[in-house]
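Residue numbers (this note's numbering): 172 to 252.
Heads up: the structure comes next, in structure tokens.
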Ligand code: FES
């Protein structure tokens, strides 16, 4: 059994929300549905506003920051997990 968790945090700060980050979270949640160990949640501003929408993916205790995200991109990344 795989106990490893991957946490996908989608920024819901002002700038990223204004760039429709909620659709990224919705897509991530749809992608995670029925898959064990994938957690999707909102997070506050990550100080990356100019390059938002921002997503932070934590895997094996490492944070990776993704800029200029969109729903298709998050789905593409998550399919590789
Ligand atoms: S609002 Fe998303 S990085 Fe600042």
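Glycine included, every Cβ here is placed at the ideal spot set by N, Cα and C.
Nothing here was measured: the structure is a model prediction, and the numbers come from that model.
* Rounded C-alpha distance that separates residue 188 from residue 224 -> Residue numbering aside, residue 188 sits at position 17 when the chain shown is read from its first letter. Residue numbering aside, residue 224 sits at position 53 when the chain shown is read from its first letter. Looking at the two C-alpha atoms, the distance is approximately 8 Å.
* **CB-CB length for residue 182 against residue 217, believed under 8 Å** => Along the chain shown, one-based indexing puts residue 182 at 11. Along the chain shown, one-based indexing puts residue 217 at 46. Between residue 217 and residue 182 the Cβ distance is about 5 Å, and since that is below 8 Å, they are a contact.
* To do: Please state whether DSSP places residue 233 in a helix, a strand or coil.
  => As a first step, residue 233 must be located in the chain shown, where it is residue number 62. Strand, per DSSP.
* Asked: Since residue 268 is in the alpha helix (DSSP H), which residue starts that stretch and which ends it?
  -> Shown here, the chain extends from 172 to 252; a query on residue 268 therefore has no answer.
* Asked: Just to check, is the beta-carbon of residue 217 closer than 7 Å to a non-hydrogen atom of ligand 1?
  -> The residue you call residue 217 lines up with position 46 of the chain shown. True, at least one ligand heavy atom lies under 7 Å from that Cβ.
* Rounded to a whole number of angstroms, what is the C-alpha to C-alpha distance between residue 195 and residue 220? -> The residue labelled residue 195 in the question sits at position 24 within the chain shown. The residue labelled residue 220 in the question sits at position 49 within the chain shown. Rounded to whole angstroms, residue 195 to residue 220 spans 15 Å at the Cα level.
* residue 193 in three-state terms, based on DSSP -> The residue given as residue 193 occupies position 22 in the chain shown. Of the three classes helix, strand and coil, the one that applies to residue 193 here is helix, per DSSP.
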